Amino acid sequence: MAAAARLRQMLQRPQLQLMPCCYDALSARLVEQAGFPLTFVSGFSVSASRALPDTGLLSYGEMLDSMRNVSAAVCIPCIGDGDTGYGNEVNVKRTVRGYAQAGLAAIMIEDQVSPKRCGHTAVKAVIPFDEAVRRVEAAVDAAKEGGDNILILARTDARGKLGAAPLIRPTELTNLTTRRARADWGLSSTQSST
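For what it's worth, the numbering used here labels the leading residue of the sequence shown as 3, then goes sequentially.
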């Protein structure tokens, strides 16, 4: 069974799925050998393994190479950090296609501006909501064009401060983006509750 199909089955289960991060083939294999059902190839972790900050310094090609290595090393589904998709909607589609061809089960696309900042820092900027929706729609379209062999995770770093809707909560934004753009699921990245 394809990785995306296995992940889709996992998401239907009511129990919590623990998903440790990895950054290379060895760390992914350790996650698998420890008995975890899936792993997340983290942009922060890949950057840190190269003594770089998570500020968009790694290129799409470098991240894709990491994704291929991880996916080839394990049998569990891998979710890849697609960051901002490395550019506009055309770049997002290319990123999704590349991660799907690398064998990943899912890709996470976020709404930060480029160059991005680490999602765990307090000072981040996000693109306007409509642009974020277009970014996720491009990811969904690329997945569908490829036969739905990769799931799309829409992530927001908005933290309740988006232009026309300044008081929107991250969970509301995630739900809106996920529904409007048809992503498979969403995630709010926050430093504190809002």
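Positions of the beta carbon are idealized from the N, C-alpha and C atoms, including for glycine.
As the structure is a prediction and not an experimental result, all values here were calculated from the model.
Roughly how many angstroms separate the alpha carbons of residue i and residue j, rounded to a whole number?
| i | j | result |
| --- | --- | --- |
| alanine 75 | aspartate 159 | 31 Å |
| arginine 70 | alanine 134 | 27 Å |
| aspartate 150 | serine 51 | 31 Å |
| glycine 84 | glycine 45 | 8 Å |
| alanine 36 | alanine 5 | 19 Å |
| lysine 126 | glutamate 34 | 33 Å |
| proline 117 | valine 72 | 25 Å |
| arginine 136 | aspartate 143 | 10 Å |
Give the single residue among the options whose Cα lies nearest to the Cα of residue i.
| i | options | result |
| --- | --- | --- |
| glutamate 112 | Ala7, Val128 and Pro39 | Val128 |
| isoleucine 109 | Ala36, Ala30, Leu13 and Val98 | Val98 |
| alanine 141 | Pro130, Leu153, Phe131 and Asp132 | Leu153 |
| proline 130 | Gln114, Asp143 and Ala145 | Gln114 |
| arginine 157 | Thr57, Val138 and Ala145 | Val138 |
| aspartate 67 | Val43, Thr86 and Leu9 | Val43 |
By a C-beta neighbour count over all protein chains shown, 10 Å radius and 16 as the cutoff for buried, is residue i buried or exposed?
| i | result |
| --- | --- |
| serine 49 | buried |
| glutamine 19 | exposed |
| arginine 15 | exposed |
| glycine 63 | exposed |
| glycine 100 | buried |
| glutamate 147 | exposed |
| alanine 53 | exposed |
| aspartate 56 | buried |
| threonine 155 | Residue 155 is actually leucine in this sequence, not threonine. Looking at its Cβ environment, which holds 16 or more other Cβ atoms inside 10 Å, leucine 155 is buried. |
| serine 61 | exposed |
| glycine 165 | Caution is warranted here: a pLDDT of 46 is assigned to glycine 165, below 50, making its placement in the model unreliable, and the coordinate value is therefore given only provisionally. By the 10 Å Cβ count, glycine 165 comes out exposed. |
Let me see if you follow: with CB-CB separation under 7 Å, is residue i close to chain B or not?
| i | result |
| --- | --- |
| alanine 108 | Any reference to chain B falls outside this structure, which holds one protein chain only. |
Determine contact between the region 99 to 106 and the region 77 to 90, defined as no fewer than three beta-carbon pairs at a distance below 8 Å. yes
Does the region 86 to 94 touch the region 17 to 25, meaning 3 or more C-beta pairs lie closer than 8 Å? no
Suppose only complete runs of 4+ residues qualify. What are the alpha helix (DSSP H) ranges in the region 41 to 84, listed by chain order? 45 to 51 and 62 to 75
Go through the region 85 to 112 residue by residue and report every complete run of the alpha helix (DSSP H) that reaches 4 residues or more, in order. 91 to 103
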